[in-house]
Amino acid sequence: MYPTLAQLREEYLTQGTLKGLPQQLFINGQWREPSAQKWLDSLDPCTGQAFARIPAGSAKDIDLAVNAAQAALPQWQALPAHQRGQVLARTADLLEQQQDLFATVEALEVGKPISEAIADIQSCLRTLRYYAGAADKVQGDSYPLGQQALSFSIMEAVGVTAHIVPWNFPLNTTLRGVAPALAVGCTAVVKPAENTSLTSLMLGPLFSKAGLPDGVYNVVSGLGVDTGAPLVAHRGINHVTFTGSVQTGRHVMRSAAQNISSLTLELGGKSPLVVLADADLEAAADGILSAIFYNAGQICSAGSRLIVERRVHAELLDIVLRKVKQLQIGHSLDNPSFGAISSAAQLDKIAAFVERARARGRQILCGGQRLQWQGQGWFYAPTIIDDVPADDELIQEEIFGPVLSVQIVDDLETAINAANCTQFALAAGIYTRDVQAALHFAQRTDAGQITVNDYWAGGMEVPFGGNRLSGFGREKGLEALRNYCRTKAITFKV
Ligand code: NAD
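For any residue, its number in my numbering is found by taking its place in the sequence shown, counting from 1, and adding 1340.
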């Protein structure tokens, strides 16, 4: 029997940690001490206190992990695809049995409410099961060269894949890349974010128990410069899936160029949420709150810009401000309605954006200050800043926190112009009862995903990714399988 949420909460409150958390790297199916014998503290953002230690890997560990992934490749690739799918499905079953533990650990690492962490682990189960079912549907094609030739293609696994992951949805983002990669026969080396590495390490033994051969899934935690950089630069890597900031994405792209590795880049966003005057304003207000304050705004596709038609601007903001008052901070394991900021550095970055806005005379409707829970922790109040011009840094830069900037427009055309006014193009949403307006917006707005009347609409089946500074390539859905395959055309002269 695995411990329940209540038992885990009790254990954490009395011990300040949890039993059995990993302290070693997961390489070639084994736990392994980091070569440099270094560890990093894992901090609880709700208290600022260390509750675990994670191993800090180095280039030597990356080398071991990539070598293991290369050695495991032929056997894993050679399996009938449905057997790879079965391993993913069994891993989902094992993860489901321990979902309370995984959710508790992620709530503690990220500072997010436990209900949000549970939803994240459930999404991981969905990801594993989706790609378990997809594994044996990846197939090639045939080509009509006439009777003189027989021509067809096979889909081969691209090889050893690197997965570099940020801290906001740790296991979810890991599996978004690893599950389709494994499904098609690739092997993987994961570099989780330094402050949220535990669950990707904890997944290692579950994969092994489910029957994954040693070396197919490896995890080397540590600092980006010590582990992420040598991973991307390693000559044994065939594809890099990077999720993180634009700045690091540029480094990754330059480094991957040395090996001509293929790349998926999931970068930042500054996504618009448009509310037209005919919208259901109560529903739109709920959508706005969830778009910017879920995970305390630390989501690449957060709806961080509200673009509202002038006729309903005052009425909509009244409703939104009323709802914001109900958001309460608290410790993640007490399931508050509003979570913490993942690190002190991120909190400083958010606060600095708002202080600069204040100095420029911007109108802060609510929030605009740091908060604490029982005199500790890293929290920032839900913040809304009104009537921000398009060239302001609040509109142009990703803040990655609970800060909503409002742009006021006169009609659909000016709303579309405002939606497209940044260099990012990840997600966009619109609330309206007018189907023509929604379709026009969807066609004219540059973004990887558009939602209508529900900001987070979509699921595992729907491709996800960005354009321009938000990156390129798509994850999720069947489309993600293509990142990890290459087509080989074979032609026989008859
Ligand atoms: P980050 O770029 O600082 O770090 C991301 C990962 O890269 C971490 O694991 C880090 O250790 C590693 N890293 C750092 N330096 C590296 C280097 N030189 N070489 C290789 N790896 C290196 O980003 P972050 O602050 O952890 O995450 C927030 C950012 O991630 C935001 O910009 C957000 O929009 C973006 N993000 C995008 C998506 C998406 O799907 N588009 C999803 C989540 C987060």
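We put the beta carbon where it would ideally sit given N, CA and C, even for glycine.
Owing to the predicted nature of the structure, the values given are computational and were not obtained by experimental measurement.
Leaving out five residues on either side along the sequence, give the residues of the same chain with a beta carbon under 7 angstroms from the beta carbon of residue i.
i       : result
Gln1410 : Val1500 and Gly1576
Gly1369 : Ser1548, Asp1554 and Gly1555
Gly1544 : Phe1366, Tyr1557 and Val1559
Ala1489 : Thr1831, Phe1832, Lys1833 and Val1834
Arg1700 : none
Please indicate yes or no: does the CB of residue i lie closer than 6 angstroms to some heavy atom of the ligand NAD?
i       : result
Phe1740 : yes
Val1559 : no
Cys1640 : yes
Ala1787 : no
Asn1793 : no
Ser1683 : no
Gly1608 : yes
Ala1392 : no
Asn1578 : no
Asn1508 : yes
Val1572 : yes
Ala1569 : yes
Gly1525 : no
Ala1721 : no
Gly1533 : It should be noted that the sequence gives Ala, not Gly, for residue 1533. For the ligand NAD, at least one heavy atom lies less than 6 angstroms from the Cβ of Ala1533.
Gly1679 : no
Thr1588 : yes
Gly1564 : yes
His1503 : no
His1591 : yes
Would residue i and residue j be called neighbours here (beta carbons separated by less than 7 angstroms)?
i       : j       : result
Leu1629 : Lys1663 : yes
Val1749 : Ala1758 : yes
Ser1672 : Gly1811 : no
Ile1647 : Pro1612 : yes
Asn1535 : Ser1683 : yes
Thr1567 : Lys1610 : no
Asp1401 : Pro1374 : yes
Leu1404 : Cys1464 : no
Ile1735 : Ser1745 : yes
Ile1394 : Leu1413 : no
Arg1808 : Gln1776 : no
Tyr1795 : Gly1637 : no
Phe1824 : Ala1521 : Before going further, note that residue 1824 is Tyr rather than Phe in the sequence given. For Tyr1824 and Ala1521, yes; Cβs fall inside 7 angstroms.
Lys1828 : Glu1436 : no
Leu1485 : Ser1493 : no
Ala1619 : Arg1651 : no
Phe1391 : Leu1434 : no
Trp1713 : Gly1741 : no
Ile1504 : Phe1582 : yes
Gly1679 : Pro1453 : yes
Would you verify that the beta carbon of residue i is, or is not, closer than 7 angstroms to some beta carbon of chain B?
i       : result
Phe1832 : In the structure shown, chain B does not exist; there is a single protein chain.
How many whole angstroms separate the CB atoms of residue i and residue j, which I take to be in contact at a CB cut-off of 8 angstroms?
i       : j       : result
Ala1765 : Gly1806 : 6 angstroms
Ala1767 : Gln1747 : Rounded, the Cβ-Cβ distance is 16 angstroms, inconsistent with contact.
Val1478 : Ala1502 : Their Cβ separation, rounded to whole angstroms, is 21 angstroms, which puts Val1478 and Ala1502 out of contact at 8 angstroms.
Leu1468 : Ala1519 : 5 angstroms
Ser1398 : Gly1517 : Contact doesn't hold; Cβ gap of about 23 angstroms is too wide.
Phe1366 : Leu1541 : 5 angstroms
Thr1513 : Asp1440 : At roughly 21 angstroms, the Cβ-Cβ gap does not stay under 8 angstroms, so Thr1513 and Asp1440 are not in contact.
Phe1442 : Thr1539 : 5 angstroms
Asp1476 : His1422 : 4 angstroms
Leu1358 : Glu1351 : 6 angstroms
Gly1717 : Thr1387 : 5 angstroms
Thr1444 : Leu1348 : 4 angstroms
Met1593 : Leu1605 : 7 angstroms
Within its chain, find whatever has a CB closer than 6 angstroms to the CB of residue i; leave out the 5 residues flanking it on each side and keep chain order.
i       : result
Ala1778 : Ile1770, Thr1772 and Val1792
Lys1378 : Ala1396
Ala1596 : Val1572, Val1580 and Leu1603
Ala1376 : Ser1398
Ala1820 : Pro1520
Can you tell me whether residue i is buried or exposed, with buried defined as 16 or more other CB within 10 angstroms of its CB?
i       : result
Tyr1483 : exposed
Tyr1342 : exposed
Ile1725 : buried
Lys1816 : buried
Arg1424 : buried
Glu1456 : buried
Pro1420 : exposed
Gln1686 : buried
Gly1356 : exposed
Glu1753 : exposed
Between residue i and the ligand FMN, is the CB less than 6 angstroms from at least one heavy atom?
i       : result
Ser1585 : No copy of the ligand FMN occurs in the structure displayed; its ligands are the ligand NAD alone.
Which same chain residues end up closer than 8 angstroms to residue i when comparing Cβ atoms and leaving out the 5 residues on each side of it in sequence?
i       : result
Gln1426 : Ala1472 and Gly1551
Arg1372 : Gln1364, Leu1365, Phe1366, Asp1401 and Leu1404
Gln1703 : Ile1725, Asp1726 and Asp1727
Asp1751 : Glu1649
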